[in-house]
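Protein chains: 2
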Amino acid sequence: MKELEQAAGRLITIGDELLLGDIPDGNAHHIALELRSGGFRLNGMVTVGDDEEAIAKAFQDVSSSGDRFVIVTGGLGPTADDRTTDAAAKAFGLPLVQNAEYEQWLRDWVDGRGCAWSERTARMARLPEGAAKLTGEEPMAGFMMERQGVPWYFLPGVPHEMRELLASHVIPDLKRRFPSSVVYLKRILRVQGVAESLIGSRLEELERKVPDVRISYLPQPNENWVGIFVAANSREEAENRAAEIEKEVVALLGYGCVSGRDDENLETTVGGRLRRKGWKLVVAESCTGGLLARRITSVAGASDYFDRGFITYSNGAKMDLLGVEGEVLLAHGAVSFPVAEAMARGARTRSRADAALAITGIAGPSGGTPEKPVGTVFIACATSEGVTVEKHLFAGPRERIQESSAHAALALLWRTLH
Amino acid sequence: MKELEQAAGRLITIGDELLLGDIPDGNAHHIALELRSGGFRLNGMVTVGDDEEAIAKAFQDVSSSGDRFVIVTGGLGPTADDRTTDAAAKAFGLPLVQNAEYEQWLRDWVDGRGCAWSERTARMARLPEGAAKLTGEEPMAGFMMERQGVPWYFLPGVPHEMRELLASHVIPDLKRRFPSSVVYLKRILRVQGVAESLIGSRLEELERKVPDVRISYLPQPNENWVGIFVAANSREEAENRAAEIEKEVVALLGYGCVSGRDDENLETTVGGRLRRKGWKLVVAESCTGGLLARRITSVAGASDYFDRGFITYSNGAKMDLLGVEGEVLLAHGAVSFPVAEAMARGARTRSRADAALAITGIAGPSGGTPEKPVGTVFIACATSEGVTVEKHLFAGPRERIQESSAHAALALLWRTLH
């Protein structure tokens, strides 16, 4: 992948709450994404707690890491556990000084709102010597300084403050420092029914052939994603290059394995096909208990092709709502080929839909038998041309089995609509 | 809060997708939380990309950091961008060897499923010399090794695989290695219908009164969590202390605001109450399209009280399946008090359930009007005592509105079952 001119830096996030698992590090994700959109990248990230020595050590380590820029978030607030400013002064051997101009602005701001002045507020104007204050709409901590030509940006950990300073100061300053004409493009291809290892071996040679493109494997719970990352000198060049690679990837994986790209998940793709055919879909769910319908109706505009669904958890419900015969349930059990078939047929005829999907299975944790262990799931798709029934054996806990079942039903419909 | 004897380690997460902002680092959050629940803590976290040298450098840096244990996730898969195993071998100067026993297990597993063997699959059995394979239910990468007495656990980045190995191997091994007489107890209280700021002000004084306990606020999408973290010298002492604090928190928040603790989500709590009453529940969903039924049936054993559900997306479905009258739909629109009420009544009488929940609303993004903007949702609960209907106006994108609606329906049922 072209990395010319792409300046790479490091992110240091600070806070006991991150190490204790109180909250996921949403700031890190946001900063990574914004940097990438701006044409910059991260060499790595470091997280430490609210401990002055640990923070100072992280600053020293990163100082010698060859990064072109450093972003620090967290630990700048007014409370006792905010140690970042002190740690920076210590790590870089600088005294702390009060920024008189910003303190005055703070005093005016507090006065203007009829609030009481507090020495804690004044701490927001306390900076290592030589640092420049980063200011936002409201009072907030934040400053930047240069160390051996490398810019260090210190941002608060409060998400909306961090986001404001990142957008208003950091990204623009990085763009001034590292001007670049390089355009970055990411494309995700969603692959159905091909194992990650098989994808890897099919694309291995292509990967070697295109060192200017980064192909990455992002396994998801029920499908696999192939990421194509292109860097080019213009939007058009990037689009063309991504399209070329996409074509090659699709050919190597086999036509009919890639269901969509980027945000086009299976429910969106299936919905588009139903809409183009002018078909209506109905579902009948037992062990997934509404999950399949929920995925279908998560798509805006699903009412164009989705009319109704039957959640037939009990045998009584399967008989009442879908017309499954009691003898079939008795002879084969609710989790069986004939019942899945009868559910799909019944849902279709009782709704006048064009296609019906039915799921019956054992999601567990109990209810399994030696012949039909937990994870045994039958999926049926009925159209005017007949019914296809598949048997699956899914692994994992209840929720995984339910999710795999709903996904497999969508994949069956997707292939049926080809 | 007591921290004596608490073993502290470091987490290294690996993957370009983390540095590029493709995905937030949910693994780091999960691991931090699980370690804390187990009585361990993190000194820090490091993230690097899929670059062998960068990974090896991170391993070397961490080797000399004085951590008592190291957990590594990511980069263990079968594809070319998975560099962690090679980097570990390089950093520690060890050859890579094939674990014959695990390779045989893999071959048997693949054979048993009628799949084709691939050399890439075999890579899961490739370990640095002296490392022990960590095995899960399904084939997965993962191993552990000791360096100067410090255990290093290498886990896959695929979340459900990582979680399985963390729970089955890492936490138990850490507990064996670092037995501690300090018992840590975490309790989460799930609070319904009270804003975070209000919770904070109601608990402020309690927080100051109990410095030995950490009370934290963990806002969730549709409810708020209050975390109570206790460290004590015995399980009994910890349980007693947590119970005392829980009692105080419940009293301060108001009885009837805390729906459950720890894993007792609203669907579990509601399910328990239905089971105790011997009641059956039926649902009729329009704008949530199966999400409510999906939440109810995510609980194992839901068949004890959940019999069936109607997903009536179209007006025709509301008439056919629930007996909602056409004139009511015409006069008031599908999103209205009378239709929500008729849906709940119809679902109840057409199923002979004891309680029926119905939802009709505008999830958007289109379909809103000045009188009924996107986010307008009516929720009804019918029992033998009558029907309660609530009107809500939810904010956010489609999915958030659907989730808020399903949650509000469960909350209404929860209050009804009091």
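From first to last, the protein sequence lines are chains A and B.
Position 71 of the first sequence, counting from 1, maps to 71 under the numbering used here, and the rest follow consecutively.
For the numbering used here, add 1000 to where a residue sits in the second sequence, where the first one is 1.
Each residue gets a CB set at the ideal place from its N, CA and C atoms; glycine is no exception.
Exercise for the section: Quick one: using the 10 Å Cβ neighbour count with 16 as the cut-off for buried, is residue 164 of chain A buried or exposed? Expected result: Stepping through the first sequence from its first residue, residue 164 of chain A is reached at position 164. When all chains shown are included, residue 164 of chain A counts as buried.
Practice task
Using a threshold of 8 Å, state whether the C-beta atoms of residue 1072 of chain B and residue 1014 of chain B are closer than that.
Solution key: Locating residue 1072 of chain B in the second sequence gives position 72, counting from the first residue. Locating residue 1014 of chain B in the second sequence gives position 14, counting from the first residue. The answer is yes: Cβ separation under 8 Å.
Handout entry: Closest by C-alpha distance to residue 1396 of chain B, when choosing among B/1374, B/1218, B/1411 and B/1406
Key = For the purposes of this step, residue 1396 of chain B is identified with residue 396 of the second sequence, where counting begins at 1. In terms of CA proximity to residue 1396 of chain B, B/1374 leads the group B/1374, B/1218, B/1411 and B/1406.
Exercise for the section: Determine, using beta carbons only, whether residue 1045 of chain B comes closer than 8 Å to chain A. Expected result: Looking up residue 1045 of chain B in the second sequence gives position 45. Yes, its Cβ sits closer than 8 Å to a Cβ of chain A.
Exercise for the section: Could you work out which residues of chain B lie near residue 92 of chain A, taking near to mean beta carbons separated by less than 7 Å? Expected result: Working through the first sequence from its first residue, we reach residue 92 of chain A at position 92. By Cβ distance, chain B contributes nothing, its closest Cβ being about 20 Å from residue 92 of chain A, past 7 Å.
Exercise for the section: Using a Cβ cut-off of 7 Å, pull out every chain B residue sitting near residue 22 of chain A, in sequence order please. Expected result: Translated into the one-based positions of the first sequence, residue 22 of chain A becomes position 22. Contact of residue 22 of chain A with chain B by beta-carbon distance below 7 Å involves 1216 and 1218.
Handout entry: Proximal residues of chain A, C-beta to C-beta of residue 1081 of chain B below 7 Å
Key = Here residue 1081 of chain B corresponds to residue number 81 of the second sequence, with the count starting at 1. Neighbours of residue 1081 of chain B on chain A, chain order: 216 and 217.
Problem - Contacting positions in the stretch 1306-1320 of chain B - beta carbon closer than 8 Å to chain A - result: 1306, 1307, 1308, 1309, 1310, 1311, 1312, 1313, 1314, 1316, 1317 and 1320
Problem - Boundaries of the alpha helix (DSSP H) in which residue 104 of chain A is found, first to last residue - result: Taking the first residue of the first sequence as 1, we reach residue 104 of chain A at position 104. Looking at the DSSP string, the run of the alpha helix (DSSP H) that includes residue 104 of chain A is 100-112.
Exercise for the section: Measuring only between beta-carbons, confirm whether residue 392 of chain A sits less than 8 Å from chain B. Expected result: If you number the first sequence from 1, residue 392 of chain A lands on position 392. Contact with chain B is absent for residue 392 of chain A, since none of that chain's Cβ atoms lies less than 8 Å from the residue's Cβ.
Exercise for the section: Could you please give the first and the last residue of the uninterrupted alpha helix (DSSP H) stretch that includes residue 1328 of chain B? Expected result: By 1-based counting over the second sequence, the position of residue 1328 of chain B is 328. Segment 1326-1332, the alpha helix (DSSP H) holding residue 1328 of chain B.
Exercise for the section: Return the CA-CA distance between residue 1053 of chain B and residue 233 of chain A, expressed in angstroms with no decimal places. Expected result: For this step, residue 1053 of chain B is matched to residue 53 along the second sequence. For this step, residue 233 of chain A is matched to residue 233 along the first sequence. Across the structure, residue 1053 of chain B and residue 233 of chain A are spaced so that their CA atoms are roughly 28 Å apart.
Practice task
For residue 115 of chain A, count neighbouring C-beta atoms within 10 Å of its own C-beta (all shown protein chains included) and say buried if the count is 16 or more, exposed if not.
Solution key: Counting from 1 along the first sequence, the entry for residue 115 of chain A is found at position 115. Its Cβ having fewer than 16 others within 10 Å, residue 115 of chain A is exposed.
Problem - Nearest candidate by alpha-carbon position, reference residue 1006 of chain B, set B/1093, B/1020 and B/1181 - result: Position 6 of the second sequence, counted from the start, is the residue given in the question as residue 1006 of chain B. Of the candidates B/1093, B/1020 and B/1181, the residue whose Cα lies closest to the Cα of residue 1006 of chain B is B/1181.
Handout entry: residue 127 of chain A: first and last residue of the uninterrupted beta strand (DSSP E) it sits in
Key = Position 127 of the first sequence, counted from the first residue, corresponds to residue 127 of chain A. It spans 126-128 - the beta strand (DSSP E) in which residue 127 of chain A sits, taken as one unbroken run.
Handout entry: Which of helix, strand or coil DSSP assigns to residue 86 of chain A
Key = Translated into positions along the first sequence, residue 86 of chain A becomes position 86. Residue 86 of chain A falls in the helix class under three-state DSSP.
Handout entry: Span of the alpha helix (DSSP H) around residue 1318 of chain B
Key = What you label residue 1318 of chain B is simply residue 318 of the second sequence in a count that begins at 1. First-last of the alpha helix (DSSP H) with residue 1318 of chain B: 1315-1322.
Practice task
State yes or no: is the beta carbon of residue 407 of chain A nearer than 8 Å to at least one beta carbon in chain B?
Solution key: Taking the first sequence and counting its residues from 1, one reaches residue 407 of chain A at position 407. Cβ-Cβ to chain B under 8 Å: no for residue 407 of chain A.
Exercise for the section: Using a Cβ-Cβ cut-off of less than 9 Å, give me the residues of the stretch 28-42 of chain A that come near chain B, in sequence order. Expected result: Hits within the stretch, in order: 28, 29, 30, 31, 32, 33, 34, 35, 36, 37, 41 and 42.
Practice task
Classify residue 269 of chain A as buried or exposed, calling it buried when 16 or more other Cβ atoms lie within 10 Å of its own Cβ.
Solution key: Start at 1 with the first residue of the first sequence, and residue 269 of chain A comes out as number 269. By the neighbour-count rule (16 or more Cβ atoms within 10 Å), residue 269 of chain A is buried.
Handout entry: residue 8 of chain A, enclosing alpha helix (DSSP H) - first and last residue
Key = Against the first sequence, residue 8 of chain A aligns to sequence position 8. Looking at the DSSP string, residue 8 of chain A is not in any alpha helix (DSSP H); the run it does join, the beta strand (DSSP E), is 8-14.
Exercise for the section: Keeping to the same chain, check which residues put their C-beta closer than 8 Å to that of residue 62 of chain A; ignore five residues upstream and five downstream. Expected result: Taking the first sequence and counting its residues from 1, the one referred to as residue 62 of chain A is at position 62. Once the five neighbours on either side are set aside, the close Cβ partners of residue 62 of chain A are 10, 12, 46 and 70.
Handout entry: Exposed unless 16 or more other CB atoms sit within 10 angstroms - verdict on residue 1369 of chain B
Key = As a working mapping, residue 1369 of chain B is identified with position 369 in the second sequence. Its Cβ having fewer than 16 others within 10 Å, residue 1369 of chain B is exposed.
Handout entry: Rounded C-alpha distance that separates residue 299 of chain A from residue 404 of chain A
Key = As a first step, residue 299 of chain A must be located in the first sequence, where it is residue number 299. As a first step, residue 404 of chain A must be located in the first sequence, where it is residue number 404. Whole-angstrom Cα-Cα distance: 19 Å.
Practice task
Identify whether residue 311 of chain A lies in helix, strand or coil by the three-state DSSP scheme.
Solution key: As a working note, residue 311 of chain A is residue 311 in the first sequence. Strand, per DSSP.
Practice task
Return the first residue and the last residue of the beta strand (DSSP E) that residue 159 of chain A is part of.
Solution key: By 1-based counting over the first sequence, the position of residue 159 of chain A is 159. Not the beta strand (DSSP E): residue 159 of chain A falls in the alpha helix (DSSP H), residues 159-165.
Problem - Counted within 10 angstroms of its Cβ, other Cβ atoms place residue 277 of chain A as buried (16 or more) or exposed - result: The residue you call residue 277 of chain A lines up with position 277 of the first sequence. Exposed: under 16 other Cβ atoms inside 10 Å.
Exercise for the section: Report the partner residues of residue 1390 of chain B according to the DSSP bridge assignment. Expected result: Numbered from 1 along the second sequence, position 390 holds the residue referred to as residue 1390 of chain B. B/1379.
Handout entry: Extent of the continuous alpha helix (DSSP H) run through residue 152 of chain A
Key = As a first step, residue 152 of chain A is located in the first sequence; it is residue number 152 there, counting from the start. Segment 150-155 is the beta strand (DSSP E) holding residue 152 of chain A; no alpha helix (DSSP H) there.
Practice task
Just grab the DSSP bridge partners of residue 1217 of chain B for me.
Solution key: Numbered from its first residue, the second sequence carries residue 1217 of chain B at position 217. Bridge partners of residue 1217 of chain B: B/1226.
Exercise for the section: Scan the stretch 355-371 of chain A for residues whose Cβ lies nearer than 9 Å to a Cβ of chain B and list them as they occur along the chain. Expected result: 363, 364, 365, 366 and 367
Exercise for the section: Taking only beta-carbon positions, decide if residue 1181 of chain B is within less than 8 Å of chain A. Expected result: Numbered from 1 along the second sequence, position 181 holds the residue referred to as residue 1181 of chain B. No, because no Cβ of chain A sits closer than 8 Å to the Cβ of residue 1181 of chain B.
Problem - Assigned secondary structure, residue 250 of chain A (DSSP; H/G/I helix, E/B strand, else coil) - result: Within the first sequence, residue 250 of chain A is the residue found at index 250, counting from 1. Three-state result, residue 250 of chain A: helix.
Problem - 8 Å Cβ cut-off: residues of chain B touching residue 88 of chain A - result: The count along the first sequence starts at 1 and reaches residue 88 of chain A at position 88. Per Cβ cutoff of 8 Å: no residues; residue 88 of chain A is ~17 Å from chain B at best.
Handout entry: Reduced DSSP secondary structure (H/G/I, E/B, other) of residue 1140 of chain B
Key = Taking the first residue of the second sequence as position 1, residue 1140 of chain B is located at position 140. Residue 1140 of chain B falls in the coil class under three-state DSSP.
Practice task
Could you tell me whether any Cβ in chain A is nearer than 8 Å to the Cβ of residue 1017 of chain B?
Solution key: For this step, residue 1017 of chain B is matched to residue 17 along the second sequence. For residue 1017 of chain B, the answer is yes, since a Cβ of chain A falls inside 8 Å of its Cβ.
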